[in-house]
Structures are given as C-alpha cells and as structure tokens.
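Chains as they are written, first to last, in the numbering used here: chain A, 1 to 331; chain B, 1 to 476.
Okay, structure first, notes after.
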C-alpha cells in the first residue's frame with residue numbers, strides 16, 4: 001500500500017496524476033467508474049444495520065460523545081439567517097455547554113457565503129473553522145462562472161472550507177467528465193492569494209442519485225478530481241444521510257486510500273439528530289476505516305440539532321441525571 | 001486514545017435457571033426412572049448451569065405412551081383450534097424472547113447478538129408460520145383432508161437448540177401429530193424452558209414431551225416401535241445409523257445432516273457484500289452451522305483483492321463473552337467439538353495448506369477457537385472434504401464457471417451453496433448446476449419459515465419449512 005498523504009497536501013496532486021489515464025476522456029472515465037465493483041443493496045443495508053446494533057456504553061460512550069461534538073459542522077443554512085444568529089451559533093460552537101466549560105468545541109460553523117465574514121470575526125482565535133456552502137447551493141443550478149464566483153467570494157471572505165454541490169443532472173445523464181472538470185475548477189477557485197487552499201467538500205446529494213452504484217461511482221469521481229472531503233447531502237431534500245450510503249462512501253474512501261495513498265474525509269449531513277445516530281456513524285467509521293479517520297480532520301457531522309442531544313447525553317453521563325432541553329441553549 | 005468499546009453485557013438476571021430439571025412427560029416434570037442425571041455447562045467459562053435428567057428406555061416408553069394417548073384428541077381438534085395453541089406459543093416466545101436469548105447464549109455459547117436478532121425471531125416466526133397452515137392443510141396440495149402420522153420422535157442438535165426445536169415441533173403440531181423431542185446433550189435448557197411455555201399456553205398434556213439425555217436416549221427414541229415418524233438433524237454418521245434402525249419398519253423418516261457448502265465468488269461480484277457474505281457464511285454461530293459456507297471458491301482474477309479484504313474484515317471480528325452485545329464470535333459449544341476443530345485445522349496445516357488467523361485474545365476458561373482461514377487448499381485436502389463445524393474457512397480458486405461447479409459438487413454432501421455475481425443469467429445457470437438443496441445468490445445463511453430447507457445426497461432428505469415442510473408430518 002502506498003504511503004498516506006492527506007488529500008489537501010501538496011503530494012496529493014502527484015498521486016492523482018498517476019490516475020490521469022482514467023480521467024483522460026469521458027469514455028475512459030465512464031469505463032473506469034462502471035468497472036468498479038457493484039453494490040448489492042440488500043447486503044449493504046444489512047451490514048449497516050448490524051453495525052447499528054453495536055452497544056456503546058459508559059467509558060466508550062463518554063469518549064464517543066466528546067469525539068462527536070468535536071466533529072460537528074454546526075450549521076445554519078436558512079434564508080432567514082441573521083448576523084446575530086450566526087454570532088450566537090459561533091458562541092455556542094466555542095462553548096457548547098454553558099454549564100461545563102470542559103466540553104470540546106465543534107469543528108466548524110457552516111453558513112451561506114454572505115455570512116462568512118460575520119462568522120469569521122466571531123470565531124477569531126477559537127481555532128474553529130468557517131465552512132461555507134457555495135456553487136449555487138443547494139440545487140447547483142447555475143452557470144459554471146457563477147459557481148466559481150460564488151466560491152471565490154466565500155474564500156475571499158475568509159472561509160476555511162468550501163462545501164460545493166455537484167451537478168446532479170450532468171452526473172445522472174452520464175456526463176461524468178463534465179462533473180469531474182467542474183470539481184477541479186472549483187478546487188482551483190478555493191485557492192487563496194497566498195497560494196494556500198480552502199479545503200473542498202464535495203456534496204453528492206445522494207438522495208437524488210437513486211442507486212448505490214451511483215454513490216460509489218460519484219465518490220471515486222470526486223476523489224479523483226481532488227475532493228478533500230466527500231459529503232452525502234445538502235440537508236435540503238427529502239432523503240439525506242443514511243447509514244448505508246455513508247458506509248458505502250467510507251468503503252470508497254478506504255479503497256481509494258488503498259489504491260492511491262490519498263486520505264479523504266467523509267461528512268454525512270442532514271437527518272442526524274440523536275446521540276444514538278451519531279454513535280452508529282462513529283462505529284461505522286471505526287470498523288471500516290479505523291482510528292486514522294476518527295478525528296475532526298477526517299470525519300464530520302453536518303448537523304444543527306445533533307449538538308443539543310449530545311450535550312444532554314453528556315450531562316446525563318457526568319451527573320447521572322437527565323437535565324432536559326431547558327439546560328441546553330436554543331439557537 | 002482510541003475508540004474502544006466498553007463491555008456491554010446483557011443481564012443474566014433476566015433468566016432464572018433452576019439447579020435441576022426433570023423430564024417433561026405428559027405435561028409434568030419428573031425425574032428419570034433410573035434416577036440418572038448429567039450436568040450442562042456454559043461453554044464460555046465451563047460453569048455448571050444446571051443438572052438435567054438422563055432419560056432411559058423406561059422414560060422413552062412413558063413419553064411415547066403419553067404422546068400416543070394425547071394424539072387421539074389432538075389430531076381430532078379442528079385445525080383452527082390447533083392453530084390457536086401454536087399462535088399462543090409463538091406469542092409467548094416473543095414475550096419471553098429476551099430471557100430465552102440469554103439462556104440460549106449461556107447454554108450454547110453463541111453471541112447474544114445472534115440469539116437475540118436471529119435465533120429467537122426465527123423461532124417465533126416458525127410457530128406463527130405453521131400456526132397459519134393448521135386450518136389450511138386441505139389446500140397444501142396433499143389431498144382434501146390429509147391426516148397426521150401419529151407420534152413423532154424428534155432428535156435435534158446443539159447448534160441452534162431452540163430454532164431446531166421450532167423447525168421440528170411447529171409443523172408436527174400444526175398437522176395434528178404429537179411429539180417426543182430429545183434436545184442435544186450439551187444444550188438441553190431451552191427445550192425445557194419451551195416445555196414451560198407449552199404449559200403456559202395450556203397445550204393439552206402429552207402433545208409435547210421433552211426427554212433430555214445423550215445419544216443413547218436418542219437411539220431408544222427412534223427405535224421405539226410405537227413411534228410413527230422420525231425426524232433427525234445432526235451428523236451424517238448418526239443419520240446413517242438412524243436410517244439403519246428404521247429400515248424395514250413403516251416409520252417415516254426425514255434427515256437433515258451435514259454439509260460442506262461452497263461459497264462461490266465470481267470476479268464481477270459486489271466485493272464488499274461478498275466479504276460480508278463469506279464472513280456470515282462461515283463465522284455465523286462459530287461455524288456451527290450445517291449449511292455453513294465452509295469452502296470459499298474464488299475466481300482467480302480477484303483472489304488477491306478478495307482475500308485482502310476478507311482478512312481485513314476478519315481482523316475486526318470481536319471474539320469473546322457471548323453475553324456481550326458487541327461480540328461477533330462466541331464460544332465453541334463443547335470440549336469435544338473444540339478437539340475436532342483443532343484436529344482438522346492441524347490436518348490442514350500438515351497437509352500443506354497455509355493457515356491464517358487475525359490476532360485475537362481468547363479467554364482462558366471455556367472452549368475457544370479463533371476465526372481461521374486456510375489458503376492454498378486443494379480438493380484432496382481433508383479440510384476441503386470433511387465437515388469441520390467450526391470457524392474455519394478453506395479457500396480454493398477456480399478459473400471458469402464450469403470448474404466452479406465441478407469443484408462445488410465434488411463432495412458427498414449437498415446442503416447449500418452460495419453464488420456471488422452481478423450477472424443474473426449466471427446465477428440462474430449456476431443454481432441449475434449445483435447439486436445442493438439451497439442456493440443463495442448474493443447472500444448467505446438467510447432463513448425464512450416460508451422457504452423449504454433440506455439436502456441432496458448425504459446431507460439428508462425431506463424438507464423443513466414452507467409448504468414442503470408439511471409433507472414430512474402428513475400421511476401422504
């Protein structure tokens with residue numbers, strides 16, 4: 001197995017270049033993606049369900065709750081967002097539990113591009129990243145120059161991470177190379193003036209991709225194009241992150257790493273609301289990818305209400321009592 | 001720091017095991033006439049769980065007489081009335097499933113995850129399914145008013161104690177027979193708890209009788225002249241002895257015996273799910289499964305990729321305390337079985353196959369064997385021919401579909417097989433070629449009461465489950 005390099009590192013480009021033959025043309029890319037092993041839906045769902053029966057108790061639960069908190073991209077993506085709300089969310093991200101300052105901080109605050117500057121200022125010195133959705137989120141229905149401008153704008157405002165959406169229409173109609181090129185160009189648009197890059201998360205909107213085979217193909221496509229993270233969903237459609245889809249993406253990341261040595265992160269988003277759900281995802285990461293991925297650098301939860309449930313469970317573990325929703329902050 | 005799962009043991013307090021149990025004959029628990037008893041231990045730590053009666057010939061006779069006496073009224077009941085009892089039993093099993101799952105894991109050594117999520121739901125489902133047939137026997141294709149056989153003598157193995165009991169008792173009662181059942185020597189407890197469920201359900205006395213004991217009890221039972229039907233699940237060796245015993249009598253016989261199933265993986269298989277299927281095929285229930293996929297036939301071109309993935313997956317298997325909810329592989333059922341597995345694994349090594357097992361710590365007390373695979377196995381090796389009945393996988397390769405079929409069928413057994421490919425036409429072609437009672441495609445060890453189960457060749461005859469399962473208990 002090749003030595004590991006992070007997807008956002010300088011060496012990653014060289015590794016991807018070694019796979020350039022499969023992305024040389026639309027035909028080559030299609031043959032490669034369709035040559036990946038198929039996915040048996042029943043088997044995949046059964047495996048995800050079995051992992052969901054793992055029983056995480058006592059010390060393991062305490063560890064996992066803190067880990068999950070530290071992996072949250074605390075998100076607000078509403079038309080009604082205000083600078084005040086974003087600042088409140090940032091304050092919460094820094095000190096999630098006002099009753100226990102020992103609670104870990106979240107990984108990032110995720111907002112629309114126009115709120116990036118507000119969030120950046122509110123998070124100064126905290127070490128928490130600002131993530132911005134871009135590329136005409138959530139539908140992705142805009143011309144490429146508009147998407148690139150959207151991305152550059154967010155990066156210029158100080159975004160540390162960009163969550164882009166792919167063109168599902170192009171993917172579903174089989175124009176794989178067009179999706180590939182678009183991701184590459186957005187990645188280039190993540191470049192800052194000093195030559196460094198904002199990390200790029202690529203959202204597939206798996207709820208719209210219909211088949212598990214498509215999820216495996218799009219995962220490889222995005223990783224070949226230079227994604228630092230692959231992400232399930234926008235949270236804006238009926239079906240968001242599910243355990244089987246996330247498991248499949250974890251397997252794709254594992255196989256991509258085994259092939260190229262490039263380490264890519266995974267972010268399930270949308271619909272993960274309870275501690276119990278979060279535990280199931282961490283178990284999947286643990287038993288599919290292992291310790292190496294069990295940090296906020298390589299696994300994130302895109303969530304808003306999950307944090308409060310984690311905090312209530314955390315309080316329950318430390319005090320022995322269930323405090324209730326009045327003892328966590330509403331956002 | 002790493003993500004280590006803390007112990008998550010299921011509570012033992014949900015099951016109350018008495019220090020001793022008698023035989024269940026004619027609705028009452030009674031000591032064996034000879035007064036003999038034997039101990040049953042937990043294979044995970046060799047702790048004695050209870051003492052049970054060893055039934056002798058006098059007890060067998062008494063049980064068969066009780067069943068004969070009960071047969072008259074039971075068989076005369078309208079099917080809908082028999083169904084009521086079976087539905088009641090099914091619901092009681094569901095209500096007591098947590099207790100029974102813990103008991104099964106204690107006495108058998110299987111992980112609680114399996115007894116809870118697999119055994120017990122299937123046990124209840126089997127009773128529900130055959131309860132549904134009881135008043136519809138005239139529509140099963142065996143004549144307008146098919147008759148039961150009489151008294152069924154049933155002998156079951158230790159690998160799925162309660163599930164095998166359900167497979168035997170549910171169809172027998174639905175068809176109007178009465179039964180005398182002997183559970184395995186090493187796992188008698190769940191059958192005795194089932195006797196209690198029969199009482200709770202108000203089942204008429206003598207319809208179900210449970211005799212605990214060793215092989216001699218089973219031999220007495222199948223040889224009893226007033227038994228009309230013999231059903232056995234277990235080893236091919238004992239099955240042959242039973243066939244000799246009943247030869248020349250008018251007893252009806254069904255046998256469900258050993259297996260050496262091939263799990264065949266083609267190069268276009270869904271690899272991740274195939275790996276899960278291989279693991280489930282051979283490591284489910286510690287490989288104590290007659291239909292276990294104990295031979296992996298993998299197409300040459302994906303051999304390396306598949307074996308790497310399989311080894312990686314095997315390294316995540318959690319071996320240990322059967323009552324821990326996170327345990328994947330529990331204890332080997334008995335010292336005797338462990339010795340057999342060890343002997344065959346050693347033979348594999350000495351015959352030149354390459355042995356591999358993930359690093360895993362085994363408990364000191366009890367009977368344990370790490371999940372193991374052998375590569376470089378040929379058809380001539382003992383581990384490719386003999387049933388190991390343990391967590392040991394033999395890996396062979398093939399080049400063409402024809403070769404896969406030839407190797408898969410090259411065994412005296414014929415219970416099950418698995419085919420992994422994304423090509424539907426190949427699945428159908430393979431299913432036609434494979435001489436096995438069950439062919440799973442892109443899955444393995446999937447059970448359902450509506451689906452008939454049984455073997456070809458030395459894996460036995462007769463079918464259990466589904467409409468076909470009724471035939472074994474009807475006079476047709």
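Don't be surprised by glycine CBs; every beta carbon is placed ideally from N, CA and C.
These numbers were taken from a predicted model, which means no experiment stands behind them.
Asked                                                                                                                                                                         : Found
Taking Cβ-Cβ distances shorter than 7 Å, what residues in chain A pair up with residue 442(B)?                                                                                : 40 and 43
CB residue 268(A) to CB residue 47(A), shorter than 9 Å?                                                                                                                      : no
Output the residue ranges of the alpha helix (DSSP H) runs that lie fully inside the region 365 to 429 of chain B and measure 4 residues or longer, sorted by chain position. : 382 to 385 and 401 to 409
Measuring only between beta-carbons, confirm whether residue 129(B) sits less than 9 Å from chain A.                                                                          : no
Where does residue 187(A) sit, in a helix, a strand or coil, going by DSSP?                                                                                                   : helix
If we ignore side chains and look at the alpha-carbon of each, how far apart do residue 219(B) and residue 144(B) end up?                                                     : 35 Å
Going straight from the alpha carbon of residue 164(A) to that of residue 251(A), what length do you get?                                                                     : 22 Å
For residue 52(B), which option in 474(B), 128(B), 463(B) and 40(B) has the closest C-alpha, if you only look at C-alpha atoms?                                               : 40(B)
Can you name the residues of chain A whose CB is closer than 7 Å to the CB of residue 8(B)?                                                                                   : 55 and 57
For a quick check, are the C-beta atoms of residue 86(A) and residue 307(A) less than 9 Å apart?                                                                              : no
Just to confirm, are residue 131(A) and residue 161(A) a CB contact at a threshold of 9 Å?                                                                                    : yes
If we count the other Cβ atoms within 10 Å of its Cβ and call it buried at 16 or more, is residue 60(A) buried or exposed?                                                    : buried
With a 10 Å radius around its C-beta and 16 neighbouring C-beta atoms as the bar for buried, classify residue 139(B) as buried or exposed.                                    : exposed
If residue 122(A) and residue 90(A) are in contact, beta carbons under 8 Å, what's the gap, nearest whole angstrom?                                                           : 4 Å
Does DSSP put residue 329(B) in a helix, in a strand, or in coil?                                                                                                             : strand
Find out if the Cβ-Cβ distance for the pair residue 313(A), residue 259(A) is shorter than 9 Å.                                                                               : no
Assuming residue 273(A) contacts residue 73(A) (C-beta within less than 8 Å), just tell me the rounded distance between them.                                                 : Actually they are not in contact, since the Cβ atoms of residue 273(A) and residue 73(A) sit about 14 Å apart, beyond 8 Å.
With 9 Å as the threshold, decide whether the Cβ of residue 277(B) is near any Cβ in chain A.                                                                                 : yes
What's the C-alpha gap between residue 7(A) and residue 31(A)?                                                                                                                : 24 Å
Would you list the one or two residues that DSSP bridges to residue 201(A)?                                                                                                   : 163(A) and 229(A)
Among all the DSSP beta bridges, which residues are the ones paired with residue 6(A)?                                                                                        : 263(A)
How is residue 391(A) classed by DSSP in three states: helix, strand or coil?                                                                                                 : With chain A running from 1 to 331 in the structure shown, residue 391(A) is simply not present.
Could I get the ranges of all uninterrupted beta strand (DSSP E) runs contained in the region 267 to 344 of chain B, with 3 residues as the minimum, in chain order?          : 295 to 299
Tell me, please, whether the region 292 to 300 of chain B touches the region 399 to 410 of chain B by the rule of three or more beta-carbon pairs shorter than 8 Å.           : yes
Using a Cβ cut-off of 8 Å, pull out every chain A residue sitting near residue 325(B), in sequence order please.                                                              : 53, 54 and 55
Does DSSP put residue 451(B) in a helix, in a strand, or in coil?                                                                                                             : coil
My output table needs one value for residue 534(B): the three-state DSSP class, helix, strand or coil.                                                                        : As displayed, chain B neither begins before 1 nor continues past 476, which places residue 534(B) out of reach and without an answer.
Straight-line CA distance for residue 16(A) to residue 286(A)?                                                                                                                : 26 Å
In chain order, what are the residue ranges of uninterrupted beta strand (DSSP E) at least 3 long that sit wholly in the region 119 to 161 of chain B?                        : 151 to 155
Does residue 3(B) have its Cβ less than 9 Å from a Cβ in chain A?                                                                                                             : yes
Using a C-beta cutoff of 9 Å, does residue 448(B) count as contacting chain A?                                                                                                : no
Which value, in whole angstroms, describes the spacing of the CA atoms of residue 201(A) and residue 311(B)?                                                                  : 31 Å
Between residue 273(B) and residue 399(B), what straight-line distance do the alpha-carbon atoms span, to the nearest angstrom?                                               : 21 Å
Using a C-beta to C-beta distance shorter than 7 Å, which residues of chain A count as neighbours of residue 113(B)?                                                          : 53
Taking 9 Å as the threshold (beta carbon to beta carbon), is residue 359(B) in contact with chain A?                                                                          : no
Within the chosen definition, does the region 255 to 264 of chain B reach the region 447 to 466 of chain B through at least 3 CB pairs nearer than 8 Å?                       : yes
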